[in-house]
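These notes are about the structure you will find just below.
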Amino acid sequence: MQTKPLALLTRSPLAGVFVALAVIFTLSALISPYFLTPYNLSVIARGLAFVGLITIAQSMLMVLGELDLSLGVIGGLCGVISGILMVRLGVEPYSAMLLAVLLGATLGLVNGLLVTLLRLHSLVLTIGTAGIFGGANLVLTRGVAITGIPKDVQYLGRGDVLGMPVPFVIMLAALAVATFVMLKTPFGRYMYAIGNNQAGARMLGIKVDKVRLLVFVVAGAIAALAGVLMVARLGTAQPSIGETWVLAPIAASVIGGVATTGGVGSPIGAIFGAGIIAIIENIIVLFGVSPYWQGIVSGAIVVLAISFDAISRRYLRRDA
Numbered sequence: 001m002q003t004k005p006l007a008l009l010t011r012s013p014l015a016g017v018f019v020a021l022a023v024i025f026t027l028s029a030l031i032s033p034y035f036l037t038p039y040n041l042s043v044i045a046r047g048l049a050f051v052g053l054i055t056i057a058q059s060m061l062m063v064l065g066e067l068d069l070s071l072g073v074i075g076g077l078c079g080v081i082s083g084i085l086m087v088r089l090g091v092e093p094y095s096a097m098l099l100a101v102l103l104g105a106t107l108g109l110v111n112g113l114l115v116t117l118l119r120l121h122s123l124v125l126t127i128g129t130a131g132i133f134g135g136a137n138l139v140l141t142r143g144v145a146i147t148g149i150p151k152d153v154q155y156l157g158r159g160d161v162l163g164m165p166v167p168f169v170i171m172l173a174a175l176a177v178a179t180f181v182m183l184k185t186p187f188g189r190y191m192y193a194i195g196n197n198q199a200g201a202r203m204l205g206i207k208v209d210k211v212r213l214l215v216f217v218v219a220g221a222i223a224a225l226a227g228v229l230m231v232a233r234l235g236t237a238q239p240s241i242g243e244t245w246v247l248a249p250i251a252a253s254v255i256g257g258v259a260t261t262g263g264v265g266s267p268i269g270a271i272f273g274a275g276i277i278a279i280i281e282n283i284i285v286l287f288g289v290s291p292y293w294q295g296i297v298s299g300a301i302v303v304l305a306i307s308f309d310a311i312s313r314r315y316l317r318r319d320a
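The UniProt record's numbering numbers the first residue of the sequence shown as 1 and each following residue consecutively.
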């Protein structure tokens with residue numbers, strides 16, 4: 001007979017990924033004396049913040065049964081645009097960042113309109129739009145970083161609040177809002193209904209296309225936020241921003257229990273998954289593993305984490 005706390009834990013859809021995260025965190029602390037140092041934990045948190053924002057956006061789309069491979073590129077392009085506005089056009093820095101986030105929402109709207117109006121598959125469509133947005137990035141920058149980002153906005157990428165990196169705090173705020181909307185509001189219930197059965201959701205009177213469109217818009221805005229925060233962190237608007245924000249958010253979401261077929265999962269689980277990946281990458285760096293092996297090691301541990309979560313879903317969420 002399971003105790004009540006244990007029963008609650010094993011019934012939770014987050015149980016598997018939470019245990020996996022806790023185990024990996026504990027093992028990392030045991031095998032490296034540098035892992036638990038304040039500096040290293042700050043490095044992990046700051047790095048997690050940017051991928052985490054993209055992961056939140058991607059997990060929201062995945063709950064709908066959609067995938068957007070252009071989110072990382074949107075982040076990079078909007079980061080570059082914010083740099084151009086600040087440095088070349090003299091726009092007030094915070095206004096420039098806000099305009100860049102609005103641009104991200106607009107690019108998300110473009111993706112959403114193409115998906116909903118033309119009935120295009122989001123995965124295939126966003127491969128194409130990623131190429132367009134990435135090409136626009138290179139046209140604007142000619143592959144050269146934009147320097148001279150004002151120091152007063154660099155605090156958003158480099159500063160700390162209450163002992164935590166500012167980008168990490170912003171990510172937590174975005175996570176809280178996304179989780180509340182998805183789990184506690186009618187709009188969130190609509191998202192899960194659409195992800196489970198789009199035709200059935202239409203029969204229930206849910207405005208399916210409007211919901212999907214709005215989620216694409218929000219995802220684009222979150223991606224742009226990640227991009228402008230990265231510009232603030234680097235102090236330059238580099239055209240390479242966002243290049244690594246493609247597969248990791250999808251993998252993190254899957255590890256965190258978000259189904260690629262839609263209707264299952266939450267942003268919290270996805271962030272747990274992102275945390276697993278961030279710790280894995282950090283411990284690899286601490287051990288000086290050759291870059292040639294890092295992909296293999298990371299991939300293997302991700303597979304193990306997914307397997308562990310699958311086992312927990314099958315065997316641990318049963319009442320005694």
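Quick reminder that beta carbons are idealized off the backbone N, C-alpha and C, glycines included.
Quantities reported herein were computed from a predicted structural model and do not represent experimental measurements.
Next on the checklist: Suppose the cutoff is 7 Å on Cβ atoms and the five residues either side in sequence are ignored; what does the same chain contact list for residue 18 look like?
Outcome noted: The residues 272, in chain order, have a CB closer than 7 Å to that of residue 18 in the same chain once the five nearest residues on each side in sequence are set aside.
Checklist entry - When you compare only the Cα positions, how much space is there between residue 75 and residue 111? => result Rounded to the nearest angstrom, the two C-alpha atoms are 14 Å apart.
Item to check | Which of helix, strand or coil DSSP assigns to residue 289 | outcome: Correct three-state label for residue 289: coil.
Checklist entry - With 16 as the cutoff for other CB atoms within 10 Å, does residue 15 come out buried or exposed? => result Residue 15 should be labelled buried.
Checklist entry - Cα-Cα, which of 147, 233, 177 is closest to residue 153? => result Distance check between residue 153 and each of 147, 233, 177 places 233 closest, using alpha-carbon atoms only.
Next on the checklist: Rounding to the nearest angstrom, what Cα-Cα distance links residue 191 and residue 216 in this structure?
Outcome noted: Going by the C-alpha atoms only, they are around 12 Å apart.
Item to check | Simplified DSSP state of residue 9, which is helix, strand or coil | outcome: Because residue 9 carries a pLDDT of 47, less than 50, the predicted location of this residue cannot be relied on, and the following value inherits that uncertainty. Three-state DSSP puts residue 9 in a helix.
Item to check | Given 8 Å, three or more beta-carbon pairs between the region 160-176 and the region 41-52 | outcome: Because the criterion of three Cβ pairs below 8 Å is met, the region 160-176 and the region 41-52 touch.
Checklist entry - Exposed or buried, which one is residue 293 when buried takes at least 16 other CB atoms within 10 Å? => result Taking all protein chains in view, the Cβ of residue 293 is surrounded by fewer than 16 other Cβ atoms within 10 Å, so the residue is classified as exposed.
Checklist entry - Roughly how many angstroms lie between the CA atoms of residue 287 and residue 37, to the nearest whole one? => result When rounded, the distance between both Cα atoms is 15 Å.
Next on the checklist: Which runs of the alpha helix (DSSP H) at least 4 residues long sit entirely within the region 97-161? Give them in chain order.
Outcome noted: Here the runs fully enclosed are 122-141, 151-158.
Next on the checklist: Need the endpoints of the alpha helix (DSSP H) that residue 60 sits in, please.
Outcome noted: 38-63 is the extent of the alpha helix (DSSP H) around residue 60.
Item to check | Neighbourhood of residue 54 by C-beta, 7 Å cutoff - its chain only, sequence neighbours within 5 removed | outcome: Sequence-distant Cβ neighbours of residue 54 in its own chain, meaning closer than 7 Å and more than five residues away, are 71, 72, 75, 223, 226, 245, 249.
Next on the checklist: Give me, in chain order, the residues of the same chain whose beta-carbon lies closer than 8 Å to that of residue 109; leave out the 5 immediate sequence neighbours on both sides.
Outcome noted: Here the set comprises 213, 216, 217, 220.
Checklist entry - How about residue 79 and residue 237: do their beta carbons lie closer than 8 Å? => result It is a contact, given that the beta carbons lie within the stated cut-off.
Item to check | Unbroken alpha helix (DSSP H) run spanning residue 202, endpoints | outcome: Looking at the DSSP string, the run of the alpha helix (DSSP H) that includes residue 202 is 198-203.
Checklist entry - What is the residue span of the alpha helix (DSSP H) that residue 24 lies within? => result Under the DSSP assignment, residue 24 falls in the alpha helix (DSSP H) whose first and last residues are 15-31.
Item to check | Spatial distance of residue 209 from residue 264 (CA atoms) | outcome: If you take the alpha carbons of residue 209 and residue 264, they lie about 19 Å apart.
Checklist entry - On the three-state DSSP scale, how would you describe residue 259? => result Three-state DSSP puts residue 259 in coil, outside helix and strand.
Checklist entry - So, is residue 61 buried or exposed, given that buried needs 16 or more other C-beta atoms within 10 angstroms? => result Residue 61 is buried by the Cβ-count criterion.
Checklist entry - Are residue 103 and residue 132 close, meaning C-beta to C-beta below 8 Å? => result The answer is no: Cβ separation not under 8 Å.
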